[in-house]
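Working notes, beginning with the structure itself.
Numbering (UniProt numbering), first residue to last: 1 to 255.
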């Protein structure tokens with residue numbers, strides 16, 4: 001396995017847009033799975049913290065985001081750079097080990113998509129077996145695919161996965177779990193972030209000019225030790241700093 005000095009060198013190479021070897025990718029992914037496998041479905045996070053939404057593989061914007069932030073098509077990118085799909089496989093195997101949610105200072109519930117009619121408490125999320133492909137339905141799928149909607153109760157999602165949920169559902173979930181709000185991503189918002197339901201749900205989107213054609217700005221949310229909120233808005237990295245892949249229409253399910 002790589003030691004910390006190896007990791008620092010690899011990070012430096014990646015920030016300089018240099019490739020690390022296939023074997024290094026394999027070792028990194030193996031170590032990542034080992035660490036993630038021990039983590040809870042609901043991560044307990046202490047403020048101060050920075051919350052980032054979707055970036056969709058826009059690496060140059062990722063660097064811009066963190067001030068040191070290719071369109072979807074990761075398989076093709078790995079094949080082009082390494083001549084084999086093995087690197088793609090190493091990376092995608094990590095996805096099955098990622099946590100499903102987080103709670104910041106016991107007050108802000110963070111999840112990718114939204115809520116589920118099968119879940120009323122955080123303990124129910126903790127009980128999900130996440131180390132698998134995301135099912136086509138059920139609570140794990142809902143957490144990743146659901147969206148807030150100006151309605152009451154639950155609705156059918158046009159995405160074909162997850163549900164639409166209303167302000168009453170959010171209120172019930174927050175009260176049952178003693179949290180103040182829900183922070184999520186999953187939906188492109190042109191302004192980078194959007195409040196819903198009297199500031200009880202927040203959508204954060206962190207991929208500027210999504211798919212290099214949507215013209216949106218992106219945002220990150222910074223929370224201080226008192227959970228005071230500050231948004232940082234940023235545009236796409238300059239064109240001369242990136243190799244922009246051929247344009248494709250943005251997928252409907254992120255709009």
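Every residue, glycine too, gets a C-beta built ideally from N, C-alpha and C.
{"query": "With 16 other Cβ atoms within 10 Å as the buried cut-off, status of residue 12", "result": "exposed"}
{"query": "Contact between the segment 81–94 and the segment 128–145 (3+ Cβ pairs under 8 angstroms)", "result": "no"}
{"query": "Residue nearest to residue 218 in terms of C-alpha spacing, selected from 186, 201 and 39", "result": "186"}
{"query": "Bridge partners - residue 186, DSSP secondary structure assignment", "result": "In the DSSP output, where bridge partners are listed per residue, residue 186 has none listed."}
{"query": "Segment contact, 8 angstroms Cβ cut-off, at least three pairs: the segment 177–193 with the segment 106–125", "result": "yes"}
{"query": "Three CB pairs or more closer than 8 angstroms across the segment 123–140 and the segment 46–55", "result": "no"}
{"query": "Per-residue burial, residue 21 [other beta carbons within 10 Å of its own, 16 or more giving buried]", "result": "exposed"}
{"query": "Beta-bridge pairing of residue 101 - partner residues as DSSP gives them", "result": "42 and 111"}
{"query": "Which listed residue (215, 17, 129 and 229) has its alpha carbon closest to that of residue 202", "result": "229"}
{"query": "Rounded C-alpha distance that separates residue 78 from residue 190", "result": "30 angstroms"}
{"query": "Three-state secondary structure (DSSP) of residue 238", "result": "coil"}
{"query": "For residue 32, the first and last residue of its enclosing beta strand (DSSP E)", "result": "Element bounds for residue 32: not the beta strand (DSSP E) but the alpha helix (DSSP H), 22–36."}
{"query": "Collapsed DSSP secondary structure at residue 64 in the structure displayed", "result": "Below a pLDDT of 50, predicted positions are generally treated as unreliable, and residue 64, at 48, falls in that range; no measurement from the model is reported."}
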